[in-house]
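**Q** To convert, take the position in the sequence shown, counting from 1, and add 213; that gives the numbering used here.
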Amino acid sequence: MPTFQTVRGMRDLLGQEAQIVTSIIAKAQETASLFRFKEVFTPHVEYLELLSAKTGDEIRQRMFIFEDLGKRQVALRPEFTASIARLVTTTLRTEPKPLKLFSAGTVYRYDEPQRGRYREFWQSNFELIGVDKPEADTEIILLTNKLLQSIGLSDFAFKIGHIGIIKGILSQDGIDEKTQNTILQRMDKKEYSLALKLVDSEKCQNTLQSLISINGKDWRDVVEQINVLVVGYEKAKAAVENLVEVLTLVTASTEISLTVEPAFARGLEYYTGMIFEVYIPQLEIALGGGGRYDRLIEAFGGEPTSAVGCAHGIDRTAIAIQTQNATYLTKAKVSVVVIPITESVKVDALKIAQSIREHGVSAEFELMGRKMGKALEAADKHGFDYAIIVGERELCEGNVVVKDLKKHEQSTVLIEELFEKIKK
Ligand code: AMP
Numbered sequence: 214m215p216t217f218q219t220v221r222g223m224r225d226l227l228g229q230e231a232q233i234v235t236s237i238i239a240k241a242q243e244t245a246s247l248f249r250f251k252e253v254f255t256p257h258v259e260y261l262e263l264l265s266a267k268t269g270d271e272i273r274q275r276m277f278i279f280e281d282l283g284k285r286q287v288a289l290r291p292e293f294t295a296s297i298a299r300l301v302t303t304t305l306r307t308e309p310k311p312l313k314l315f316s317a318g319t320v321y322r323y324d325e326p327q328r329g330r331y332r333e334f335w336q337s338n339f340e341l342i343g344v345d346k347p348e349a350d351t352e353i354i355l356l357t358n359k360l361l362q363s364i365g366l367s368d369f370a371f372k373i374g375h376i377g378i379i380k381g382i383l384s385q386d387g388i389d390e391k392t393q394n395t396i397l398q399r400m401d402k403k404e405y406s407l408a409l410k411l412v413d414s415e416k417c418q419n420t421l422q423s424l425i426s427i428n429g430k431d432w433r434d435v436v437e438q439i440n441v442l443v444v445g446y447e448k449a450k451a452a453v454e455n456l457v458e459v460l461t462l463v464t465a466s467t468e469i470s471l472t473v474e475p476a477f478a479r480g481l482e483y484y485t486g487m488i489f490e491v492y493i494p495q496l497e498i499a500l501g502g503g504g505r506y507d508r509l510i511e512a513f514g515g516e517p518t519s520a521v522g523c524a525h526g527i528d529r530t531a532i533a534i535q536t537q538n539a540t541y542l543t544k545a546k547v548s549v550v551v552i553p554i555t556e557s558v559k560v561d562a563l564k565i566a567q568s569i570r571e572h573g574v575s576a577e578f579e580l581m582g583r584k585m586g587k588a589l590e591a592a593d594k595h596g597f598d599y600a601i602i603v604g605e606r607e608l609c610e611g612n613v614v615v616k617d618l619k620k621h622e623q624s625t626v627l628i629e630e631l632f633e634k635i636k637k
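Written out as structure tokens, the structure is:
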């Protein structure tokens, strides 16, 4: 018989790994609720036409594409935004704005597998639709900040830019949109000399070259440097003004660590305004990113609608938690196993297990019908904190025996006091 493996780039998540992913999703749901984003579930499989419409070559070439049995060209979603744009232009078309939508789940990209880069990975995704004001960009950054804080990460920092700065310069230089996107993709990969080769004018090349070298934590200082370079580029100037509005709001409303990088670009093609990514110092790969995409909904056949959103990589956040030893999310909860000594107390033992669960403590019932010695041995092996031993004699007096498996102590406890004891 062959031994089966997972498909390259796809993983099984077991034990603590699975638990961390669930906990991060729970934190993302909590954050969504705090910022009043409504959760939506969209299909993993969508029409290829929808998914490839505005994603950009980079991701388009990495999609899992197939023909279904009805001969439809479909693909596994490489991100959530196209599905959300579909919803906004159909089912949610007449919904009052702003629309705030949240999703979490797996997405699929044929990336080269390595640590933190998989072909099936988890994202939490937030989209704020129908607002062109910098307050909306601010909310997206604030919620990312809040999410990572609530997960227990420290020292994370935002990299913030504005796609309109480079695009404004390129379009004033007469470079068509397709070439602009190629240039931005190369810049995203830090292939700066290849990117600059696509620019004809020397002035434009020099301006871009100078922009590439600018970045810093003192955003006012960085903005001053950018302003010197964009003199005469009206669209780029407007982009800088917009970026300043966002940065002013963000830094005035929360404690945040950020650097501003005007030449920073992102792989997805649809951005039109502010863009950002977030990192921890111990990892070179981004934990999340996003930005403004004001023309996307229109491109999907909707009314012109402003939008801003972000996606957080859950697998990478899990790596960040482990790297920083942020045990907060992985702290084990109290667990007990309930063992009936004889058949005659089985029902009472089941009831005790049930009421322990009702008190919010996870309880396992000894299902294998083992004798006491073997049952305790197994409980120890499985890492339970307590074994609750239910015997006829103790039950008559309203008691059970509680064995603390970590401290190797045992005591007889009144059933009504059991919950206080194990919660401690
Ligand atoms: P994007 O949808 O490209 O904006 O990516 C958002 C986030 O998803 C990134 O910041 C990463 O944390 C995560 N991500 C992107 N690609 C992968 C991948 N191949 N494997 C794991 N996480 C990824």
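Note that beta-carbon positions come from the ideal geometry of N, C-alpha and C, so glycine has one too.
Everything numeric in this text was worked out from a predicted model, so none of it was measured.
Look up F489 in the DSSP assignment and give the residues it is bridged to.
**A** Working through the sequence shown from its first residue, we reach residue 489 at position 276. In DSSP, F489 forms a bridge with I373 and G503.
**Q** Would you mind listing the alpha helix (DSSP H) stretches within the stretch 376-442 that are 4+ residues and don't spill past its ends, in chain order?
**A** The stretch 376-442 contains these whole alpha helix (DSSP H) runs: 376-385, 390-401, 405-410, 415-425 and 432-442.
**Q** Can you check DSSP and say which residues form a bridge with L265?
**A** Counting from one through the sequence shown, the residue named residue 265 turns up at place 52. In the sequence as presented, Leu is not what sits at residue 265; that position holds Ser. DSSP output for S265 lists no bridge partner at all.
**Q** On the premise that F250 lies in contact with L314, defined as a C-beta separation below 8 Å, what is that separation, rounded to the nearest angstrom?
**A** Against the sequence shown, residue 314 aligns to sequence position 101. Against the sequence shown, residue 250 aligns to sequence position 37. Contact holds; Cβ gap of about 6 Å.
**Q** From the DSSP output, in three-state form, read off L341 for me.
**A** As a working mapping, residue 341 is identified with position 128 in the sequence shown. Three-state result, L341: strand.
**Q** Starting from the Cα of C417, find the closest Cα among I427, G387, V435 and K616 and give me that residue.
**A** By 1-based counting over the sequence shown, the position of residue 417 is 204. Considering only alpha carbons, the answer is G387.
**Q** D617 bridges to which residues according to DSSP?
**A** Against the sequence shown, residue 617 aligns to sequence position 404. D617 is bridged to Y599 and E622.
**Q** Any heavy atom of the ligand AMP closer than 7 Å to the Cβ of Y506?
**A** Mapped onto the sequence shown, residue 506 falls at position 293. No; taking the cut-off as 7 Å, the Cβ of Y506 has no heavy atom of the ligand AMP nearer than that.
**Q** Looking at the ligand AMP, does it come within less than 7 Å of D324, judged from the CB to the closest heavy atom?
**A** Reading the sequence shown from its first residue, position 111 is the one you call residue 324. Because some heavy atom of the ligand AMP lies under 7 Å away, the Cβ of D324 counts as near it: yes.
**Q** Name, in chain order, the residues that DSSP records as bridge partners for N612.
**A** Stepping through the sequence shown from its first residue, residue 612 is reached at position 399. The partner list for N612 (beta bridge, DSSP) reads L627.
**Q** With a Cβ-Cβ cutoff of 8 Å, do R332 and D324 count as a contact?
**A** On the sequence shown, residue 332 is found 119 positions in, with the first residue counted as 1. On the sequence shown, residue 324 is found 111 positions in, with the first residue counted as 1. For R332 and D324, yes; Cβs fall inside 8 Å.
**Q** Does the separation of the CB atoms of F513 and R299 fall below 8 Å?
**A** Start at 1 with the first residue of the sequence shown, and residue 513 comes out as number 300. Start at 1 with the first residue of the sequence shown, and residue 299 comes out as number 86. In this structure, R299 lies closer than 8 Å to F513 by Cβ.
**Q** Does the Cβ of T625 have 16 or more other Cβ atoms within 10 Å, making it buried, or fewer, making it exposed?
**A** Your numbering for residue 625 matches position 412 in the sequence shown. With fewer than 16 Cβ atoms within 10 Å of its Cβ, T625 is classed as exposed.
**Q** Does any heavy atom of the ligand AMP sit closer than 7 Å to the C-beta of D593?
**A** As a position in the sequence shown, residue 593 is number 380, starting the count at 1. D593 Cβ: outside cutoff for every heavy atom of the ligand AMP.
**Q** Please name the residue, chosen from I602, N419 and A465, that lies closest to D617 on a Cα-to-Cα basis.
**A** Along the sequence shown, read from residue 1 onward, the residue named residue 617 stands at position 404. Closest option to D617, Cα to Cα, is I602.
**Q** In whole angstroms, give me the CA-to-CA distance for A524 and F334.
**A** The count along the sequence shown starts at 1 and reaches residue 524 at position 311. The count along the sequence shown starts at 1 and reaches residue 334 at position 121. Roughly 12 Å separates the two Cα atoms.
**Q** Any idea what DSSP makes of P347, helix, strand or coil?
**A** Mapped onto the sequence shown, residue 347 falls at position 134. P347: helix per DSSP, three-state reduction.
**Q** Exposed or buried, what is M581 when buried is set at 16 or more other beta-carbons lying within 10 Å of its beta-carbon?
**A** For this step, residue 581 is matched to residue 368 along the sequence shown. It is exposed - the Cβ of M581 has fewer than 16 other Cβ atoms within 10 Å.
**Q** So does the stretch 517-531 actually touch the stretch 496-505, counting three or more Cβ pairs closer than 8 Å?
**A** Yes: at least three Cβ pairs fall under 8 Å.
**Q** Which class does R330 belong to by DSSP, given the choice of helix, strand or coil?
**A** Along the sequence shown, read from residue 1 onward, the residue named residue 330 stands at position 117. Of the three classes helix, strand and coil, the one that applies to R330 here is strand, per DSSP.
**Q** With distances taken from CA atoms, which of E262, I272 and G228 is nearest T395?
**A** Numbered from its first residue, the sequence shown carries residue 395 at position 182. Checking every option, the nearest Cα to that of T395 belongs to I272.
**Q** With hydrogens ignored, establish whether the beta-carbon of E605 is closer than 7 Å to any heavy atom of the ligand AMP.
**A** The residue given as residue 605 occupies position 392 in the sequence shown. No, the beta carbon of E605 sits no closer than 7 Å to any heavy atom of the ligand AMP.
**Q** Taking the beta strand (DSSP E) that E280 belongs to, which residues open and close that run?
**A** Here residue 280 refers to the residue found at position 67 of the sequence shown. First-last of the beta strand (DSSP E) with E280: I278 to E280.
**Q** Measure the CB-CB distance between I342 and T485 and report whether it falls below 8 Å.
**A** As a working note, residue 342 is residue 129 in the sequence shown. As a working note, residue 485 is residue 272 in the sequence shown. Not in contact: I342 and T485 (Cβ atoms no closer than 8 Å).
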